[in-house]
Amino acid sequence: MKSWLVKGVIPFLCLWFSGAVLAKTVSPQTLKLLDNRFRVDYGIDVITLLIQREPNSDPVIIVQPDGSKWYAHRHPPELKWTKGYSGDMIKIPNPTPGPWQLIGEVSKHSKILLISDVTLELDPLPARVFRGQRIKLTAAIEGDDQRLAIRDFHQMLSWQVQLSSANRQGDENYAAGVRKIGGFTDTGTSLDERPNDGIFTSSLNFNQPSGLYHLKLEASNEVFSRIIEQDLEIVPQPFRLSVPDILGVAPEDYQLNVEVDVEELMPNELHLSLHLRSPSGMVTDLNISPTQPQQQIQLENVMQLGSYSINGEAVGTTAAGEEFFLTLPELSFYLAPPPPPPPSAQERAEQVRQQIAERDEAAQVRVVSVVIGFNLALLLVGGGALIFWRKRQRLVQQLHQVKEEEEPQIEANNIDLTS
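If you're matching positions, the sequence shown starts at 753 in my numbering and goes up one per residue.
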């Protein structure tokens, strides 16, 4: 297990248990509680209290030598306090020498550690993993070479591991952004072997698009913060599963294609545990151990029309002798109804006759439309000419009538012949 070391100088003591630093270097010390009381000697610069309480009890109250009290919700800003389900972690700078007291449901296992050297022991982080590969990493906190543990301490810690794309041209994860992939736990679940033993075990999801990433690991609470960063590359899995997408294929013809990278894997040491889910929800297990670079597996239970999915796990050994466990990305395919059969010769002839009849009918409609349109045009032109002529005749008559009315009438009796 490789160590990421944090030495016992004050600026770095906020890592994990933070520890207490003495004016002079001292060996690890444990202050035992007597009736929830303990004494702090002169010369201590920082003290960290690891207090274990009864489950689901309230945070303790700290009574200083002068009788003043500190609470989880009310204390000086330089004091750091993290409360959990069954414990408190408190970092006190420059504690006052003298007798101190804890008020609360304190467990008899509580202790106060004076530590001069704190280290985070962490397994080496891999630089390259397969997509979906399960990686077991462990971390431990040691004070002066002694692993530190407290019940339910994991509830006072915040773990976060995230990947951000390096945006390398051509990678599948190009411009993929930031992805949170898990953390570490000490609960005795998943890959963690025993709860509350001080050994934290990773639970990380590397089933992400392949490519180069920046990995950031952060563990923190109110008392400390620790960040580790490095580059990590997720590479494609050394085999490929596919189902041919062919319209009209019969259900009994569906096959699973397995393509194996023989240069990457040790021969005959790849084993697939697959689960085929049908449209009705029925799950069929498939156990496959490919023996050829390319192999087809009959999918006998593909019978219903609808959507199918295949997921599962794979175990194997690389050509370099490294064993691996992979979670496979889900593979989906759809069984569609077959296309209708082609028409017979008689049906094709009937279709041709119908097409000819439709063309003839369309031609007749066009001819009739042209004739009707021409006649309508003639009717409109003739009607317009007739209306124009009649109006012109009426206007001429009116002009003649007006002219006759304006000319003077000469009568014989009115002629003057004397002049």
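The beta-carbon is built from N, C-alpha and C at its ideal position, and this holds for glycine as well. Since the model is a prediction, treat every value here as computed from it, not as a measurement.
Starting from the C-beta of residue i, find all residues in its chain whose C-beta is less than 7 Å away, skip the five residues before and the five after it, and write them out in chain order.
i	result
residue 1130	none
residue 817	848, 850, 851, 852
residue 964	918, 920, 923, 983, 985
residue 1040	1010, 1024, 1026, 1049
Looking only at its chain, what residues have a beta carbon closer than 8 Å to the beta carbon of residue i, apart from the 5 residues adjacent to it on each side?
i	result
residue 1107	none
residue 1071	1015, 1016, 1017, 1018
residue 946	940
Below 6 Å CB to CB, which residues in the same chain sit around residue i once its five sequence neighbours on both sides are set aside?
i	result
residue 899	892, 950
residue 1082	1061, 1063
Give me the DSSP bridge partner(s) of residue i.
i	result
residue 962	Per DSSP, none; premise fails for residue 962.
residue 1027	1037, 1063
residue 1145	Residue 1145 is not bridged to any residue.
residue 941	According to DSSP, which records beta bridges pairwise, residue 941 is partnered with nothing at all.
residue 971	911, 978
residue 1174	Here the chain covers residues 753 to 1171 and nothing more, so residue 1174 does not appear.
residue 1047	1010
residue 791	851
residue 1194	Residue 1194 lies beyond the residue range present for the chain, which begins at 753 and ends at 1171; the question has no answer from this structure.
residue 840	803, 835
residue 885	1078
residue 826	823
Taking the alpha carbon of residue i as the reference point, which residue from the options has its own alpha carbon closest?
i	options	result
residue 1065	1043, 1013, 946, 883	883
residue 981	1007, 989, 970, 988	970
residue 902	838, 1049, 1151, 910	838
residue 854	952, 886, 788, 1080	788
residue 956	1149, 912, 836	912
residue 828	845, 819, 841, 840	845
residue 833	801, 873, 907	801
residue 876	954, 842, 806	954
residue 797	809, 843, 906	843
residue 1033	1057, 1049, 1047, 1010	1057
residue 1086	1080, 1077, 1059	1059
residue 948	930, 906, 1137, 916	906
residue 1089	997, 1076, 1046, 1028	997
residue 1084	1028, 975, 910	1028
residue 943	881, 908, 1077, 1008	1077
residue 715	885, 930, 966, 914	Any question about residue 715 goes unanswered here, given that the chain covers just 753 to 1171.
residue 1022	1137, 1037, 992	992
Taking all protein chains shown into account, decide if residue i is buried (16 or more other Cβ within 10 angstroms of its Cβ) or exposed.
i	result
residue 941	exposed
residue 973	buried
residue 799	buried
residue 1152	exposed
residue 936	buried
residue 994	exposed
residue 1154	exposed
residue 825	exposed
residue 1092	exposed
residue 925	buried
residue 989	buried
residue 775	A caution first: residue 775 carries a pLDDT of 29, below 50, which makes its placement in the model too unreliable to give a value.
residue 792	buried
residue 806	exposed
residue 1037	exposed
| said: Is it the case that the segment 872-891 contacts the segment 1051-1060, given that we only count it when at least three CB pairs across the two stretches are under 8 Å? | reply: Touching, no.
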